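Following: one structure in structure tokens, then a few remarks.
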Amino acid sequence: MGRHRRSSETERGGSRRLLLSYVDLLVLSFCCLGILTAWLIYGAGGISPSSASAVDAPVVRYTPVGAPTEIPKAGAPAGTTKAPVPAKSAVAAKPAAPKPSPAPKAITAAPPQRIIYPAAGMDVVVHPLKPGSGDMDSRSIVPPETMDGYWLTPYGQPGVGSVNTTYVIGHSWEGQDAPFNHLSAAAVPGDVFTVVTAKAKLSYRVDSVTTYTKSTLKDSPIWSVVPNRLVLISCYTQDLWGKNVAVVASPLRAK
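Here you go:
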């Protein structure tokens, strides 16, 4: 009984092994059939899955933006780039020649407005006065009854461009300390005084101090035409009714 049971088990084991071999063959056949089918689909058509993906994928072109970054050479420390070579400096231009300074503007002639004569203690305002035709002919001009000075407008003006002698007249007063009184006693040749106009302050030096009788003043040389010369005229304090004093001055040249 025991030997017969083992024999039966042996037969069943051999049949089981044979059955597994058939199954393996069947699986192998299906695998071969799958491989053959895949080859027919992809291999025979000349297109592999990878090729199909390559054809279908869009082509992307890269355009670099900006200047390319220089790749550091081997051995160079990371993060460093070659310093740019400095451009050759342009040749320095020669400095422009300085422009000549403009010539100072000439002080044109203008009416006198004030006379400052320190040596004679005189500081007087000057007003314009236009004599009548009869006074001009006789040259016996009487100024208004004030202590101010009066510029005779028909004649010259002080300053550059003057065309005639400038005349300023004023009264001397008996018993009063009037500005023009000082011309008789204090004015001497060489004195310097200032004539103020609307455009400048002009310096004059006294050339002469002369006393004339009223009858001879008309024909005296003080009436000669001398551009930019200035003459101060008043009554002579020692003889107010009979004589006149004339102070003739010329402009000082500007330094």
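Counting from 1, position 88 in the sequence shown corresponds to residue 87 in numbering that gives the first Met the number 0; the numbering is continuous, with no gaps. The C-beta atom is built at its ideal place from N, Cα and C for all residues, glycine as well. In this text, all values refer to a predicted model and were calculated from it rather than measured experimentally.
Less than 9 Å divides the Cβ of Ala108 from the Cβ of Thr196. For the options Thr165, Pro226, Asp238, Trp240, the alpha carbon positioned closest to that of Val194 is the one of Thr165. Nearest to Ser202 by alpha-carbon distance, out of Pro157, Gly131, Val123, is Pro157. Judged by beta-carbon spacing, Val244 lies within the 9 Å limit of Val208, meaning their Cβ atoms are closer than that value.
Here DSSP, grouped into helix, strand and coil, assigns Pro117 to helix.
For Ser202, the enclosing beta strand (DSSP E) stretches over residues 200 to 212. Val125 and Gln112 do touch by the CB rule: their CB atoms are close to 6 Å apart, below 8 Å. Counting C-beta atoms within 10 angstroms of its own C-beta, Ala184 has fewer than 16 neighbours from the protein chains shown and is therefore classed as exposed. Assignment of Asn180 by DSSP, reduced to helix, strand and coil, places it in the helix class.
Non-local C-beta neighbours of Val224 in its own chain, meaning closer than 7 Å and more than five positions away in sequence, comprise Asn163, Thr164, ordered along the chain. For the options Leu151, Met146, Asp136, the alpha carbon positioned closest to that of Phe179 is the one of Met146. Around Asp190, the same chain offers Ala118, Val205 as residues with beta carbons nearer than 6 Å, after the five sequence neighbours per side are excluded. Within a 10 Å sphere around the beta-carbon of Leu35 sit fewer than 16 other beta-carbons, which makes this residue exposed. For the options Asp238, Asp136, Leu32, the alpha carbon positioned closest to that of Lys217 is the one of Asp136.
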